[in-house]
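Asks: Just so you know, we're using this note's numbering here: the sequence shown kicks off at 5 and counts up by one. We treat Cβ as the ideally placed atom computed from N, Cα and C, and that holds for glycine.
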Amino acid sequence: MVEFIYLDHAATTPAYTGVVKAMQKALQEVFGNPSSPHSFGLEAERLVNRSRTAVAESIGAEPGEIYFTSGGTEADNLAIRGTLQAKRRQGSHVIASAVEHDAVLETLRHLQELGVCEYTLIVPDEEGLISPKAVAAAVREDTVLVTVMLINNEVGTIQPVEEVVNRVKAENPEIYCHSDAAQALGKMSFRVNDLGVDLLTLSGHKLGGPKGVGSLFCRKGVRLISQNTGGGQENGLRSGTENVPAIAGFGEAVTTAVGDMRLNLENWRRCQSHLMELVKTIPDTAVHGTPLTMAPHIVNMGFPGIRGEILVHALAEKGIFVSTGAACSSRKQITSHVLDAMGVVPLLAEGSIRISFGAETTVEEIDILAGLLKQTVGELRSFQRN
Ligand SMILES: Cc1ncc(COP(=O)(O)O)c(C=O)c1O
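#1: Assess, as a yes-or-no matter, whether the segment 84 to 95 is touched by the segment 186 to 201 under the definition of 3 or more beta carbon pairs within less than 8 Å.
#2: Determine the extent of the beta strand (DSSP E) in which E110 is found, giving its start and end residues.
#3: Look at the alpha carbon of V169 and the alpha carbon of L376, and state the distance between them as a whole number of angstroms.
#4: Quick check on the DSSP output: the beta strand (DSSP E) that includes V98 runs from which residue to which?
#5: Please classify V159: does DSSP put it in a helix, a strand, or coil?
#6: Under 8 Å by Cβ, that's how I've got H13 and S277 pegged, so tell me the actual separation to the nearest angstrom.
#7: Count the other CB atoms, across all protein chains shown, that sit within 10 Å of the CB of P295; report buried if there are 16 or more and exposed otherwise.
#8: For N239, count the other beta carbons within 10 Å of its own beta carbon; 16 or more makes it buried, fewer makes it exposed. Which is it?
#9: How long is the line joining the alpha carbons of R274 and V159, rounded to whole angstroms?
#10: Three-state secondary structure (DSSP) at C121?
#11: Indicate whether the contact test is met: 3 or more Cβ pairs, each with one atom in the segment 133 to 145 and one in the segment 111 to 118, closer than 8 Å.
#12: Going by the C-beta, is A186 closer than 7 Å to any heavy atom of ligand 1?
#13: Identify whether L149 lies in helix, strand or coil by the three-state DSSP scheme.
#14: Report whether the distance from the Cβ of H105 to the nearest heavy atom of ligand 1 is below 7 Å.
#15: Classify G234: buried if its beta carbon has 16 or more other beta carbons within 10 angstroms, exposed otherwise.
#16: By how many angstroms is the C-alpha of A65 removed from the C-alpha of T16?
#17: Could you tell me the distance, in whole angstroms, from the CA atom of I229 to the CA atom of S219?
#18: Taking the runs of the alpha helix (DSSP H) that are 4 residues or longer, which of them lie wholly in the segment 291 to 328?
#19: Compute the Euclidean distance between the alpha carbons of D371 and E47, then round it to the nearest angstrom.
#20: What do you reckon, are the CB atoms on P67 and V103 nearer than 8 Å?
#21: Are the beta-carbon atoms of G255 and S55 separated by less than 8 Å?
#22: Confirm the yes/no value for this check: CB of N247, any heavy atom of ligand 1, distance under 7 Å.
#23: State the start and end residues of the unbroken alpha helix (DSSP H) segment that holds H341.
#24: Just checking S207 against ligand 1 - is the residue's beta carbon closer than 7 Å to any of the ligand's heavy atoms?
#25: With a CB to CB cut of under 6 Å and the five nearest residues on each side skipped, what residues in its chain are close to V258?
#26: Pick helix, strand or coil for I398, following the three-state DSSP scheme.
#27: Kindly say whether N271, judged by its beta-carbon, lies nearer than 8 Å to any beta-carbon of chain D.
#28: Can you give me the start and stop residues for the beta strand (DSSP E) that R171 sits inside?
#29: According to the neighbour-count rule (16 or more other Cβ atoms, all chains shown, within 10 Å of its Cβ), is F72 buried or exposed?
#30: By alpha-carbon positions, which one of A100, R144, F307 ends up nearest to S135?
#31: Over what stretch of residues does the alpha helix (DSSP H) that includes H278 continue unbroken?
#32: Is it right to say E368 is buried, meaning 16 or more other beta carbons lie within 10 angstroms of its own, or is it exposed?
Put into structure tokens, the structure is as follows:
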């Protein structure tokens, strides 16, 4: 008997059993330093490179284009900071969507404050979609980087990255195009060559791997300045002894998540449409975004008049775990910059929660969630009326 239902998989999702095994093996058996020239080192290097190949194959890249990092945040930082330093003679203007993760937005804010860059944010439409035309129109002489995420982590919008890249490159093929795909691998099929991106971020713990590992795809010929200097690991782009157990787990997770994707997608689409149908019976409910451009594993909905964090806590007391939005900002209790950018009125934005599915989510769990959601929203609303 399961005593809780976890529906916050976009924040993080449990590691697959195979991932745990791969990590344990790397910790206990393949414990060498990948840079050591003896057999222990070579074995560890082989393990790292096996994961590199798995990650590369999952996005249609070459293994030599994958650089392991400490996660999605570091990969985003490396893409942005590395580009600005490499291209400082050409310019320092960056274009980003206004719905990017804080790993991108805070980095840009910080760099602008330091006088290292200037950035333009592109606001989405009310469905959360970024217009490729608007991105292209924002290109300036000194633009060096465009960054638009593939799947938004709060509302699940799938962004038209391929069209964004095509339009930007038509303006100036020298501009680097980056996409944060931390929420996308294992949730949709995509190839870096179809997207046309130069740089792409992945994160291990969003797809059944460990936390604290991720990677940056950096297309061959694209020049970045390293942000970690030292022993020259990762082909000089990211010094520091590789986190071999985490990298081994990441590779295993990628293989499993991509291998299971077709079945997972069918299940998630079923869960998603079932949930959206059931919540129609809760008065004044708004689902943010449209199924047409929504990732299969995320549903974000608002209940005006209720505070999202109170609803999240009330559901947690009943054994249902969801979130108010991005895991990193939900503790800060600020309203979502994503919903704000989509033009969602504050009363509705404040009453919004994110429900996200994982490999084990079932339609039966969605039934239970919907029942408790209806009950809890009713309770909170009547409590407020009295
Ligand atoms: C879209 C997106 N980018 C970046 C990150 C950061 O990844 P990590 O937790 O691996 O640093 C996350 C995780 O919340 C995310 O959802």
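Replies: Considering the structure as presented:
#1: No: fewer than three Cβ pairs fall under 8 Å.
#2: From DSSP, E110 is part of no beta strand (DSSP E) but of the alpha helix (DSSP H) over 106 to 117.
#3: Whole-angstrom Cα-Cα distance: 43 Å.
#4: 97 to 101 is the span of the beta strand (DSSP E), which, as asked, contains V98.
#5: Three-state DSSP puts V159 in coil, outside helix and strand.
#6: Contact flag wrong, Cβ pair sits at about 18 Å.
#7: Looking at its Cβ environment, which holds fewer than 16 other Cβ atoms inside 10 Å, P295 is exposed.
#8: Per the 10 Å Cβ criterion, exposed.
#9: Going by the C-alpha atoms only, they are around 18 Å apart.
#10: Collapsing the DSSP output to three states places C121 in coil.
#11: Three or more beta-carbon pairs separated by less than 8 Å are not found between the segment 133 to 145 and the segment 111 to 118, which leaves the two stretches without contact.
#12: Under cutoff, so the answer is yes.
#13: Three-state DSSP puts L149 in a strand.
#14: Inclusion of H105 in the 7 Å shell around ligand 1 follows from its C-beta lying nearer than that to a non-hydrogen atom of the ligand.
#15: By the C-beta density criterion, G234 is exposed, having fewer than 16 other C-beta atoms within 10 angstroms.
#16: Taking the straight line joining both Cα atoms gives about 25 Å.
#17: Our two residues, I229 and S219, have alpha carbons roughly 16 Å apart in a direct line.
#18: The qualifying runs are 312 to 321.
#19: Whole-angstrom Cα-Cα distance: 48 Å.
#20: It is not a contact, given that the beta carbons lie outside the stated cut-off.
#21: In contact: G255 and S55 (Cβ atoms closer than 8 Å).
#22: No, ligand 1 has no heavy atom inside 7 Å of this Cβ.
#23: Note, H341: alpha helix (DSSP H), 341 to 345.
#24: Under cutoff, so the answer is yes.
#25: Excluding residues within five positions, the ones whose Cβ falls inside 6 Å are A58, V59, S62.
#26: The chain is shown only over 5 to 390; residue 398 falls outside these bounds and no answer can be derived.
#27: The chain labelled as chain D is not found in the depicted structure, where only one protein chain is given.
#28: Taken as a continuous stretch (DSSP letters only), R171 belongs to no beta strand (DSSP E), being part of the alpha helix (DSSP H) at 165 to 175.
#29: With 16 or more other Cβ atoms within 10 Å, it is buried.
#30: Of the candidates A100, R144, F307, the one whose C-alpha sits nearest the C-alpha of S135 is A100.
#31: Segment 265 to 282, the alpha helix (DSSP H) holding H278.
#32: E368 comes out exposed.
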